[in-house]
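One structure is given below, encoded as structure tokens.
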Amino acid sequence: MNFKYFHGTSTIFLDSIKKHGLGTINPNIELRNLDVLKFLFELCETHIPHNLKHQELKDSSWAMVHQGIHELVDEKGNSLNLYYRHDGIYVSLSRIRAATYSVLNKYGSEILERCIQLYELLQNEGIEVNIPSEIDLFNFRQYIDIETKPIMIEVRDVPDEDLEKEDGKTAKEALDFLRREIPNMSQKQEFEFLQYCNFKLLKPIPVEQLRFYEIEYEGQPGENFEIALCKI
Numbered sequence: 005m006n007f008k009y010f011h012g013t014s015t016i017f018l019d020s021i022k023k024h025g026l027g028t029i030n031p032n033i034e035l036r037n038l039d040v041l042k043f044l045f046e047l048c049e050t051h052i053p054h055n056l057k058h059q060e061l062k063d064s065s066w067a068m069v070h071q072g073i074h075e076l077v078d079e080k081g082n083s084l085n086l087y088y089r090h091d092g093i094y095v096s097l098s099r100i101r102a103a104t105y106s107v108l109n110k111y112g113s114e115i116l117e118r119c120i121q122l123y124e125l126l127q128n129e130g131i132e133v134n135i136p137s138e139i140d141l142f143n144f145r146q147y148i149d150i151e152t153k154p155i156m157i158e159v160r161d162v163p164d165e166d167l168e169k170e171d172g173k174t175a176k177e178a179l180d181f182l183r184r185e186i187p188n189m190s191q192k193q194e195f196e197f198l199q200y201c202n203f204k205l206l207k208p209i210p211v212e213q214l215r216f217y218e219i220e221y222e223g224q225p226g227e228n229f230e231i232a233l234c235k236i
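So the sequence shown is numbered by this note's numbering: it starts at 5 and just counts up by one.
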């Protein structure tokens, strides 16, 4: 069984991925967006530590900055671990998971999204923000008011050995398990199981192995969420 994988992003990154492939450029590392987030987070901690929105975002912001785990409890009381690792590009076995990421992250990147959120908090509080030029390579401010659309990228023909699990372990064992078990799962079981199957790309994916779709949707993730994919 050969799997297809899915990556959610936005039109901000579409042209670059079409030109260079998926995973060739990681804006969080090469363009230092992660360093910008750390800078903005430290400004918030220094100047607006009691701002309610900053307090709401603080735990997940900290986890992003330190590339750690954010523990959540869902509405059913289940404990969930969100892995914040941005040292590479991640793909999912679930279309819905990738679409959810795209729709919830207007700018197509949770690091970029959080940079903009913290920057606007600081601006609204009258705090001067002077980002050092050596880390301000992406110039995220140019995208604040831009109109974006959610994008899904279908990734084909990826060898198991070119993938890694979110926890850093090899993907092949997990994928072989899925190949054995998916035929025995109900459609509902398969859908629910695949929501947690996300992998890091260990090698860039050339454009020839990618399919690009604009996501049209109704509702919101978790609430009557329906998607339609329009090939572009």
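Backbone N, C-alpha and C fix where the C-beta goes; we use that ideal spot for every residue, glycine too.
{"Asked": "Helix, strand or coil at residue 154 [DSSP, three-state]", "Found": "strand"}
{"Asked": "CA-to-CA distance, residue 14 to residue 221, given in whole angstroms", "Found": "14 Å"}
{"Asked": "Three-pair Cβ contact test at 8 Å for the stretch 139-146 versus the stretch 34-48", "Found": "yes"}
{"Asked": "Among 126, 148, 40, 125, nearest to residue 111 - alpha-carbon criterion", "Found": "148"}
{"Asked": "Best match in 109, 191, 124, 194 for proximity to residue 152 [C-alpha to C-alpha]", "Found": "109"}
{"Asked": "Chain-order list of residues whose beta-carbon lies under 7 Å from that of residue 225 (same chain, five-residue window excluded)", "Found": "104, 107, 108"}
{"Asked": "Cross-strand partners of residue 67 (DSSP beta bridge)", "Found": "Paired residue(s): none; residue 67 is not in a bridge."}
{"Asked": "DSSP three-state assignment for residue 216, whether helix, strand or coil", "Found": "strand"}
{"Asked": "Residue environment, residue 101, which counts as buried when at least 16 other CB atoms sit within 10 Å", "Found": "buried"}
{"Asked": "Buried/exposed call for residue 99, threshold 16 Cβ in 10 Å", "Found": "buried"}
{"Asked": "Alpha-carbon to alpha-carbon, residue 216 and residue 160", "Found": "12 Å"}
{"Asked": "Member of 236, 174, 63 whose CA lies at the smallest distance from the CA of residue 214", "Found": "236"}
{"Asked": "Given 8 Å, three or more beta-carbon pairs between the stretch 201-210 and the stretch 88-97", "Found": "yes"}
{"Asked": "Residue 190, DSSP secondary structure in three states", "Found": "coil"}
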